[in-house]
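Chemist: For the sequence shown, this note's numbering begins at 84 and goes up steadily by one. A virtual CB, placed ideally from N, CA and C, is assigned to each residue, including glycine.
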Amino acid sequence: MPKPTPPVTVVIPARFGSSRFPGKPLALLAGKPLIQHVYERAQAPGVHRVLVATDDVRIQAAVTAFGGTVMMPEGRFRTGTDRVAALARQIPGDVFVNLQGDEIVLHPGLLTDLIGPFLESGADMGTLKRALTSSKEVANPGIVKVVTNSNGEALYFSRAPIPCDREKGLGNFVAGLHYVHLGIYIYTRE
């Protein structure tokens, strides 16, 4: 008999006080707050439930207004991952996805691409990457690059061009060699 699939909870950490764009989760795009777009895209096959983790009553009110589930874990958190971990200690579940609150372009199929292989792997943590397509992307410090080993395990992340061909210079694109880290994480409770 096959092992039952554990429920997967997607947690979207959202804070109001961003230094680069205060109030970003509530910014309207096509008449809806950004957080609502992300919440709706998180409704993917294999996802048991989606919730927003915030420290701000304005975000809480917006999520409640569109019918979403929101929680306000107590404490001060340095990162969204810290907020997800705090929530994971408060609610039932075995597998948690940390989906950034500004992942507006997320295709729901990416969550499916993440969840299935992760559950089959027995790993404690996973993330996604995609191939970069140009030297411009490789050189862009706004894009987090990842280098993986032959098993697809991340070795390191950087905003700098990695890997770098010293002979050809920084930002030199080589097809199939450069990858962007997509910033979606999946974890077991442990």
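Between the C-alpha atoms of Gly-205 and Ala-214, what's the straight-line distance to the nearest angstrom?
Modeler: Whole-angstrom Cα-Cα distance: 25 angstroms.
Chemist: For Thr-88, which option in Arg-141, Val-188, Gly-163, Gly-199 has the closest C-alpha, if you only look at C-alpha atoms?
Modeler: Gly-199
Chemist: Contact between the stretch 105–115 and the stretch 137–147 is defined here as three or more beta-carbon pairs at a separation below 8 angstroms; is this criterion met?
Modeler: yes
Chemist: Starting from Ala-144, trace the alpha helix (DSSP H) in both directions and tell me its first and last residue.
Modeler: 140–148
Chemist: Along the chain, where does the alpha helix (DSSP H) containing His-120 start, and where does it finish?
Modeler: 117–124
Chemist: DSSP three-state label for Ser-101, please.
Modeler: coil
Chemist: How far does the beta strand (DSSP E) with Val-130 in it reach, from first residue to last?
Modeler: No beta strand (DSSP E) holds Val-130; DSSP gives it neither H nor E.
Chemist: Using DSSP's beta-bridge definition, name the partner residues of Pro-96.
Modeler: DSSP lists Ala-136 as partners of Pro-96.
Chemist: Who does Met-154 pair with in a DSSP beta bridge?
Modeler: Ala-136
Chemist: Using a 10 Å radius around the Cβ and a threshold of 16 neighbouring Cβ atoms, would you call Gly-225 buried or exposed?
Modeler: exposed
Chemist: For the stretch 189–258, list the beta strand (DSSP E) runs that are entirely contained and at least 3 residues long, ordered along the chain.
Modeler: 208–214, 228–231, 237–241
Chemist: Rounded to a whole number of angstroms, what is the C-alpha to C-alpha distance between Pro-175 and Arg-272?
Modeler: 9 angstroms
Chemist: Tell me the DSSP secondary structure of Leu-109 in three-state form.
Modeler: helix
Chemist: From this set, Leu-197, Ala-145, Gly-184, which residue's C-alpha is nearest Ile-269's C-alpha?
Modeler: Distances from the CA of Ile-269 to each of Leu-197, Ala-145, Gly-184 were compared; the closest alpha carbon is that of Leu-197.
Chemist: Looking at C-alpha atoms only, which residue of Thr-210, Arg-242, Met-154 is the closest neighbour of Val-221?
Modeler: Arg-242
Chemist: Three or more C-beta pairs closer than 8 angstroms, one from the stretch 145–154 and one from the stretch 228–240: is that the case here?
Modeler: Fewer than three Cβ pairs drawn from the stretch 145–154 and the stretch 228–240 lie within less than 8 angstroms of each other, which leaves the two stretches out of contact.
Chemist: Which term fits Ala-113, buried or exposed, when burial requires 16 or more other beta carbons within 10 angstroms of its beta carbon?
Modeler: exposed
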